[in-house]
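In terms of my numbering, the sequence shown opens at residue 260 and continues consecutively.
Note that beta-carbon positions come from the ideal geometry of N, C-alpha and C, so glycine has one too.
Note that the structure is a prediction, hence the values are computed from the model and not measured.
Following: one structure in structure tokens, then a few remarks.
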Amino acid sequence: MNDVLKKTVPGGAAADSATVSETVAGAILTIDLGAIRQNYRRLKARLGGARCAGVVKADGYGLGAAQVAAALAREGCDIFFVALLSEGIALRRSLGPVPAIHVLNGIAPGAEAEAAAAGLAAVINSVEQLVAWRTAARRTGRKLPAAIQVDSGMSRLGMAAVEVAVVAGDPQAFEGIDVTLAMSHLACADEPAHPANERQRLEFERLRKMLPKAPASLANSSGIFLGSRFHYDLARPGAALYGINPTPAEPNPLLPVVRLQAKVVQTRILEAGAGVGYGHTFHTPAPLAAATISFGYADGWHRRAASAAWFEGVRLPFLGRVSMDSIILDISALPPGRLKAGDLVELIGPSQTVDQAAGHAGTIGYEILTSLGHRFHRRYVNG
Ligand SMILES: *Cc1c(COP(=O)(O)O)cnc(C)c1O
Numbered sequence: 260m261n262d263v264l265k266k267t268v269p270g271g272a273a274a275d276s277a278t279v280s281e282t283v284a285g286a287i288l289t290i291d292l293g294a295i296r297q298n299y300r301r302l303k304a305r306l307g308g309a310r311c312a313g314v315v316k317a318d319g320y321g322l323g324a325a326q327v328a329a330a331l332a333r334e335g336c337d338i339f340f341v342a343l344l345s346e347g348i349a350l351r352r353s354l355g356p357v358p359a360i361h362v363l364n365g366i367a368p369g370a371e372a373e374a375a376a377a378g379l380a381a382v383i384n385s386v387e388q389l390v391a392w393r394t395a396a397r398r399t400g401r402k403l404p405a406a407i408q409v410d411s412g413m414s415r416l417g418m419a420a421v422e423v424a425v426v427a428g429d430p431q432a433f434e435g436i437d438v439t440l441a442m443s444h445l446a447c448a449d450e451p452a453h454p455a456n457e458r459q460r461l462e463f464e465r466l467r468k469m470l471p472k473a474p475a476s477l478a479n480s481s482g483i484f485l486g487s488r489f490h491y492d493l494a495r496p497g498a499a500l501y502g503i504n505p506t507p508a509e510p511n512p513l514l515p516v517v518r519l520q521a522k523v524v525q526t527r528i529l530e531a532g533a534g535v536g537y538g539h540t541f542h543t544p545a546p547l548a549a550a551t552i553s554f555g556y557a558d559g560w561h562r563r564a565a566s567a568a569w570f571e572g573v574r575l576p577f578l579g580r581v582s583m584d585s586i587i588l589d590i591s592a593l594p595p596g597r598l599k600a601g602d603l604v605e606l607i608g609p610s611q612t613v614d615q616a617a618g619h620a621g622t623i624g625y626e627i628l629t630s631l632g633h634r635f636h637r638r639y640v641n642g
């Protein structure tokens with residue numbers, strides 16, 4: 260056996276998750292499971308009496324759904340949300356039979372039997388999905404769990420008001436279905452003053468009263484910070500658990516979770532007038548100390564991101580374009596010879612938060628995390 264591909268057991272869970280070793284990898288992603296647990300506790304404290312689920316779609320926002328969910332379960336979290344049935348089936352395997360797992364996009368037509376067999380709760384977004392889930396319940400001979408999602412004004416997923424009216428008038432509509440939640444999703448929760456928030460809340464109030472009596476759920480991460488009117492019985496945070504700021508206009512009330520570091524491949528002094536990187540989009544105005552790091556757009560960094568890496572608190576701007584597997588840095592702010600091949604520079608961490616990195620790339624922290632590549636050495640700490 261060689262040790263190039265090491266089996267690790269991150270946080271005591273997911274023994275099958277192979278990660279390239281630290282020596283071999285070009286970049287290292289450190290995920291602080293202890294910080295995720297603390298963030299869960301902070302959100303719970305803010306929720307008062309309401310319950311707190313864990314949203315672990317898109318592989319736990321790119322950080323590892325199995326590891327994240329195991330950490331949250333140790334905090335007492337027993338309700339999870341994924342986006343896709345495939346994610347739900349994988350999560351059921353890693354979490355065991357007890358926690359509730361909801362599939363936000365609902366069950367694709369024809370996949371109901373598999374969803375039922377995995378013990379998953381459907382999020383019902385349409386009358387069509389309701390009929391299919393009811394049929395599946397009849398076929399399996401037992402009640403099947405489902406959250407009913409209504410569209411309170413985002414126009415993305417959930418039953419429209421007219422559909423809610425139809426099912427409300429049909430005494431058989433929910434036969435065989437164990438309604439676990441009445442839920443909806445906010446479009447503008449990260450803008451507390453946006454009038455859509457209260458409009459959506461009132462529409463949710465109106466629609467949920469037409470459904471079978473069930474616990475209610477409206478708030479995502481940012482929704483938790485809109486005040487207790489938005490808390491209802493269950494909140495569904497994702498981003499905030501992972502250290503993304505749910506209150507962009509104010510300091511982040513959560514702890515950072517992710518550290519991303521890339522290895523220096525080589526350093527050199529560039530001559531004045533040198534064209535740097537693909538397309539020569541940058542030319543050195545004068546001789547310049549540069550370093551090339553083992554990290555590029557194949558690792559999830561936008562090709563056009565005007566950005567920087569950091570070393571011991573010193574900012575090292577990107578030069579020219581981001582390549583697939585490498586980026587050239589201006590290291591002239593460091594003493595000569597200070598940065599060497601094999602040293603690690605930081606892309607996300609204490610010097611540059613996920614949200615700041617996202618700002619430089621013209622996107623949001625959600626996209627930075629879920630774009631992170633698959634060739635890092637992944638290190639789970641404080642599990
Ligand atoms: C993604 C998602 C969430 C979690 O949102 P965050 O902003 O990451 O907290 C909650 N509910 C639904 C329906 C979602 O799609």
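Asked	Found
Expected contact under 8 Å - CB spacing of residue 440 and residue 476 to nearest Å	5 Å
Beta-carbon proximity list for residue 391, same chain, < 6 Å, skipping 5 on both sides	371
8 Å contact criterion, which residue 351 and residue 330 should meet: CB distance rounded	Actually they are not in contact, since the Cβ atoms of residue 351 and residue 330 sit about 17 Å apart, beyond 8 Å.
beta-carbon residue 316 near ligand 1 non-hydrogen atom, thresh 7 Å	yes
Any non-hydrogen atom of ligand 1 within 7 Å of residue 444 CB	yes
Buried or exposed by the 16-neighbour rule on C-beta atoms within 10 Å, applied to residue 274	Any reading at residue 274 must be qualified, since the residue scores a pLDDT of 35, below 50, and its modelled position is unreliable; the value itself is stated next. Residue 274 comes out exposed.
Candidates 551, 610, 504 and 627: closest to residue 564 by CA position	627
Residue 414 CB to nearest heavy atom of ligand 2 below 7 Å	Ligands in the displayed structure: ligand 1; ligand 2 is not one of them.
Closer than 7 Å: residue 340 CB and nearest ligand 1 heavy atom	yes
Bridge-paired residues (DSSP) for residue 639	290
Runs of alpha helix (DSSP H) lying entirely within the region 506 to 561, each at least 4 residues, in chain order	none
Proximity to residue 532 [Cα-Cα], best of 538, 547 and 522	547
Which listed residue (578, 320 and 398) has its alpha carbon closest to that of residue 540	578
Residue 361 versus residue 378 - alpha carbon distance	10 Å
Counterpart residues of residue 569 in DSSP-defined beta bridges	574 and 605
Touching by the beta-carbon criterion (3+ pairs, under 8 Å), the region 393 to 404 and the region 417 to 424	no
Rounded straight-line distance, which links the Cα of residue 625 to that of residue 387	30 Å
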